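Everything on this sheet refers to the single structure shown next.
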Amino acid sequence: QEYSFESKIAGSAKAHEQAKQVIPGGVTANIKHFAPHPIVMDHASGSRLTDVDGNQYIDYLLSYGAMILGHGHERVKEAVYQQMEQCGSFVFGTPHHLEYKMAQKLVDIFPSMDQVRFTNSGLEATLLAIRLAQAYNDKPKIAKFEGHYHGGYDQVLVSVNPNIDNAGEQAEPNSVAESSGMSDSDLDDTIILPFNDLEATGAILRKRQDEISAVILEPVQSGFVPADESFIKGLRQITDELGIVLIFDEVKTGFRLTVGGAQHLYGIEPDLTALGKVLGGGFPVGALGGKFDLMNLMSPERGGDILTSGGGQKVTDRALFHSGTYNGHPTVLAAGLATIEYLEEDGVMSDLLRKTEQLRHGLETVYHRYGLPMQTVGLGTIFNIILSQETVRNYRDLTEIDLETRKQIDYELLDLGIYTKPGNRYSMSTAHTEQDIQKTIDAHEVAINRLLNQ
Ligand code: PMP
Numbered sequence: 008q009e010y011s012f013e014s015k016i017a018g019s020a021k022a023h024e025q026a027k028q029v030i031p032g033g034v035t036a037n038i039k040h041f042a043p044h045p046i047v048m049d050h051a052s053g054s055r056l057t058d059v060d061g062n063q064y065i066d067y068l069l070s071y072g073a074m075i076l077g078h079g080h081e082r083v084k085e086a087v088y089q090q091m092e093q094c095g096s097f098v099f100g101t102p103h104h105l106e107y108k109m110a111q112k113l114v115d116i117f118p119s120m121d122q123v124r125f126t127n128s129g130l131e132a133t134l135l136a137i138r139l140a141q142a143y144n145d146k147p148k149i150a151k152f153e154g155h156y157h158g159g160y161d162q163v164l165v166s167v168n169p170n171i172d173n174a175g176e177q178a179e180p181n182s183v184a185e186s187s188g189m190s191d192s193d194l195d196d197t198i199i200l201p202f203n204d205l206e207a208t209g210a211i212l213r214k215r216q217d218e219i220s221a222v223i224l225e226p227v228q229s230g231f232v233p234a235d236e237s238f239i240k241g242l243r244q245i246t247d248e249l250g251i252v253l254i255f256d257e258v259k260t261g262f263r264l265t266v267g268g269a270q271h272l273y274g275i276e277p278d279l280t281a282l283g284k285v286l287g288g289g290f291p292v293g294a295l296g297g298k299f300d301l302m303n304l305m306s307p308e309r310g311g312d313i314l315t316s317g318g319g320q321k322v323t324d325r326a327l328f329h330s331g332t333y334n335g336h337p338t339v340l341a342a343g344l345a346t347i348e349y350l351e352e353d354g355v356m357s358d359l360l361r362k363t364e365q366l367r368h369g370l371e372t373v374y375h376r377y378g379l380p381m382q383t384v385g386l387g388t389i390f391n392i393i394l395s396q397e398t399v400r401n402y403r404d405l406t407e408i409d410l411e412t413r414k415q416i417d418y419e420l421l422d423l424g425i426y427t428k429p430g431n432r433y434s435m436s437t438a439h440t441e442q443d444i445q446k447t448i449d450a451h452e453v454a455i456n457r458l459l460n461q
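According to UniProt numbering, the sequence shown holds residues 8 to 461 in order.
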């Protein structure tokens, strides 16, 4: 396939060829790859990315949502420089005051959290959540939802993006491996649930309650398919009733739907919450927060007595292991704190939400003017463009949608200076201006015309 803008990105092609010699596929994360080759960036500022050929793009990838204030925000830079200056180093490997300050900030924002631990990625936060839940409930399996992503490790790399042909019944999906190198026991220990189907989910959980320690979910699947309110409230009730730990993976949604994440929007308290992305203000981070009974299982100061969980299960008296050389990194926490404090200022989040609505509305108007079926789907500051009017409530609905046309439009948009990974969702930042929004809407109109006139 020919891409109209290939001649513009010759420098990226060359860089990619070189990278391929020493990096598998030329990318440090598989998701960064797309045909004909990824675009290699050189620098960024505010809402704009500039590639190695000097092409400028309005950025809606925003490092998979992390850069909520746009690139190189002055307040964040200032906080990072000041922190390095003040501490005279980059990291100590000991406790320091920013850890306490950030933990207190999160406990203040999220009513579901009594305590917090920091990690270096969202992946590590969900991994720790699952281990805690298993230590607490002492049952061998976990349950997750079809189409939900929680990081790239064996326990949850199951049925994230399965081929429907071997994904089984909608109401009782199979566990499908997402990678080579995984074992059958990984699949056996991860039970798959159908998102937004309370009846079927409840039936599986009740049937297998003696095996399941935890249910983990993205309250908004892939950041843009929201849980129905009745579904997520019902799930909270069932997991409470069965003594199953409920984990919200808010790595994407935390600080992005509202500052307080999906749990604030839905008015639900999970037992554990994983955070990441925005929390690091552009630096690698994750955090796990939750109720004292669970979180304190990892305290090295815990006494030697045998604790008994709600379900009458015995848990061991050994502190749950959690470690990491860079956990609670001062530079990262300084960047994250500056980001969250800025988001909490009067009018910042409401303005960002308003701009997101403006973009969504403008895009829908253009597509509909051309008689094209299209809806934007999402909550808060993340949405996706779906070329269909059908309601989208889960992974299987998404597989029915025309992704090829969507990708063709995205390739035209790359040519027109609008960046998102082809087919990917849109994240907004406070750096996006009214002009950026108008330029984006106009570019979509040009892309649609090009496609219609092919
Ligand atoms: N959970 C969700 C919902 C995510 O979106 C991601 C990252 N895309 C992760 C976990 C993993 O986070 P990280 O990439 O920081 O390990």
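Note that CB positions come from ideal geometry on N, CA and C, so glycine has one too. Predicted model only: the values in this text are computed from it and were never measured.
My understanding is that residue i touches residue j, with C-beta atoms under 8 Å, so please give their C-beta distance in whole angstroms.
i, j, result
"T447", "I425", "6 Å"
"G77", "T437", "6 Å"
"F231", "E153", "About 16 Å separates the two Cβ atoms, so there is no contact after all."
"D121", "K298", "6 Å"
"V292", "N127", "7 Å"
"K284", "G72", "5 Å"
"V123", "L135", "With a Cβ gap of about 11 Å, V123 and L135 do not count as contacting."
"V165", "S190", "Wrong, their Cβ atoms sit about 11 Å apart, outside the cutoff."
"I198", "I219", "7 Å"
"T260", "P226", "6 Å"
Return the first residue and the last residue of the alpha helix (DSSP H) that residue i is part of.
i, result
"F238", "E236 to L249"
"A269", "G268 to Y273"
"residue 478", "The structure shown does not extend to residue 478, since the chain spans only 8 to 461, so no value can be given for it."
"T363", "V355 to R376"
"Y418", "L410 to D422"
"I448", "E441 to L459"
"A209", "Looking at the sequence provided, one finds Gly at residue 209 rather than Ala. Counting along the chain, the alpha helix (DSSP H) containing G209 begins and ends at L205 to K214."
"V29", "A17 to V29"
Look up residue i in the DSSP assignment and give the residues it is bridged to.
i, result
"H80", "Per DSSP, none; premise fails for H80."
"D58", "M48"
"K108", "BP columns for K108 are empty, so no partner."
"L180", "Residue identity check: residue 180 is Pro in the sequence provided, not Leu. Bridge partners of P180: G175."
"F255", "L224 and T280"
"P233", "V227"
"Q141", "DSSP output for Q141 lists no bridge partner at all."
"L386", "I389"
"K151", "I199 and I223"
"G297", "Q122 and L279"
"V165", "A184"
"S434", "I389"
"I425", "I65"
Please indicate yes or no: does the CB of residue i lie closer than 6 Å to some heavy atom of ligand 1?
i, result
"K39", "no"
"residue 6", "The question about residue 6 has no answer, for the chain in this structure spans 8 to 461."
"V163", "no"
"V258", "yes"
"H329", "no"
"G297", "no"
"Y156", "yes"
"E225", "yes"
"G283", "yes"
Going by DSSP, what residue range makes up the beta strand (DSSP E) through residue i?
i, result
"M48", "M48 to S52"
"N391", "I389 to I393"
"R403", "That residue, R403, is in no beta strand (DSSP E); its alpha helix (DSSP H) goes Y402 to T406."
"I199", "T197 to L200"
"R124", "Q122 to T126"
"Y349", "Looking at the DSSP string, Y349 is not in any beta strand (DSSP E); the run it does join, the alpha helix (DSSP H), is P337 to L350."
"Q63", "Q63 to D66"
For residue i, decide whether its Cβ has a neighbour in chain D, counting only Cβ atoms nearer than 7 Å.
i, result
"H104", "In the displayed structure, chain D is absent; only one protein chain is listed."
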